[in-house]
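The opening position of the sequence shown corresponds to residue 17 in the working numbering, with each subsequent residue numbered one higher. Just so you know, even glycine gets a beta-carbon here, dropped at the ideal spot from N, CA and C.
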Amino acid sequence: MKQIQIGGLVSFTTIDYPGKLAAVLFLKGCPLNCKYCSNPHLIPLGEGEYDPEKVFDWLRARVGKLEGVVFSGGEALMQADATIEYMKRVHDLGFAIGLHTNGFYPDLLKKVNDTVDWIGLDFKATREHYHDLTGIDVAYDRMIESLKYWVSTGHGLEVRTTCDPRFVSKTDLLEIAQTASCMGAKNFAVQKYTPYHECECHETSAADREQFFNDEELKKNIESLFNTVVWRNN
Ligand code: SF4
């Protein structure tokens, strides 16, 4: 089997896995090409920058010091069996496993049901704007299928929307929240869009990007739909 390709690592975080001290592994490869991507170097599949066995040894030395390991990307499930096998090994060390995913691989999500304890699922836009944002036709339907499946597992779930005003309006954000809530999601996060410094196409103003966070009516409406809503305004 091909080795897992790791393109980045955060050794300690309190914000990437709710309620847990965790490390984050950023895996190479993503099937989408989001116009706001802040990790474009991770989109191509290719050689990783870390030796997976050295990372595994390092994780083993963190047993008892960290509670969880988050697989992020890129899209961690794009490496399919290599990711799944590595996740299981890390899980066997005793870590809770988190996954940040764009939901593009619902069938692979089913394969990690017994290994992954929590996912942060990107619900990037309404169906109307999904293709514009991601460049891929089927991305919305696959994400919805993933959401439906993961809700059915009863495992931990946060649905998150990054509010890039080029692709998401305040009306869209409420529609996204209503759709996620109707499908059974209990936890939602609204994330501020921060332009990637090398991108030349962020024709948005600070006020455009802030509008989702200073509308009290919108906040009240969204918060009424979920058990928890996190506003990530930085
Ligand atoms: S899903 Fe994430 S990693 Fe993939 S292109 Fe979109 S923003 Fe970048």
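Item	Value
Can you pull the DSSP bridge partners for His116?	Gly136
According to DSSP, is Val71 helix, strand or coil?	helix
Report yes if the CB atom of Arg76 is closer than 8 Å to the CB atom of Leu109, and no otherwise.	yes
Can you tell me where the alpha helix (DSSP H) with Glu226 in it begins and where it stops?	222-226
CB-CB under 6 Å to Gly84, same chain, minus the five flanking residues each way: which ones, in chain order?	Tyr33, Lys36, Ala38, Phe111, Ala112, Gly114
So what does DSSP say about Glu174, is it helix, strand or coil?	strand
I'd like to confirm the pairing. Which residues does DSSP put opposite Gln21 in its beta bridges?	According to DSSP, which records beta bridges pairwise, Gln21 is partnered with nothing at all.
Identify every residue that forms a DSSP beta bridge with Cys179.	Lys208
Touching or not, the segment 113-130 and the segment 63-78, by the rule of three or more beta carbon pairs under 8 Å?	no
If we count Cβ pairs, one from each stretch, closer than 8 Å, do we get three or more for the segment 189-203 versus the segment 233-249?	yes
Can you tell me the Cα-Cα spacing of Gly200 and Leu173, whole angstroms?	10 Å
Quick one: what does DSSP say Ser185 is sitting in, helix, strand or coil?	coil
In three-state DSSP terms, what is Thr30?	coil
Touching or not, the segment 161-180 and the segment 134-144, by the rule of three or more beta carbon pairs under 8 Å?	yes
Can you say whether Thr30 is buried or exposed, counting buried as having 16 or more other CB atoms within 10 angstroms of its CB?	exposed
Shorter than 7 Å, the distance from the beta carbon of Ile135 to the closest heavy atom of ligand 1, or not?	no
Pull up the distance between the alpha-carbon of Glu232 and that of Arg225, whole angstroms please.	15 Å
Since Phe229 and Ile192 are thought to touch, with beta carbons under 8 Å apart, how far apart are those beta carbons, to the nearest angstrom?	Not quite, the Cβ-Cβ distance comes to about 16 Å (not below 8 Å), so this is no contact.
I'd like to confirm something about Cys179: is its beta-carbon nearer than 7 Å to some heavy atom of ligand 1, or not?	no
Considering only the alpha carbon of each residue, which of Thr210, Gln227, Gly151, Arg78 lies closest to Ile59?	Gly151
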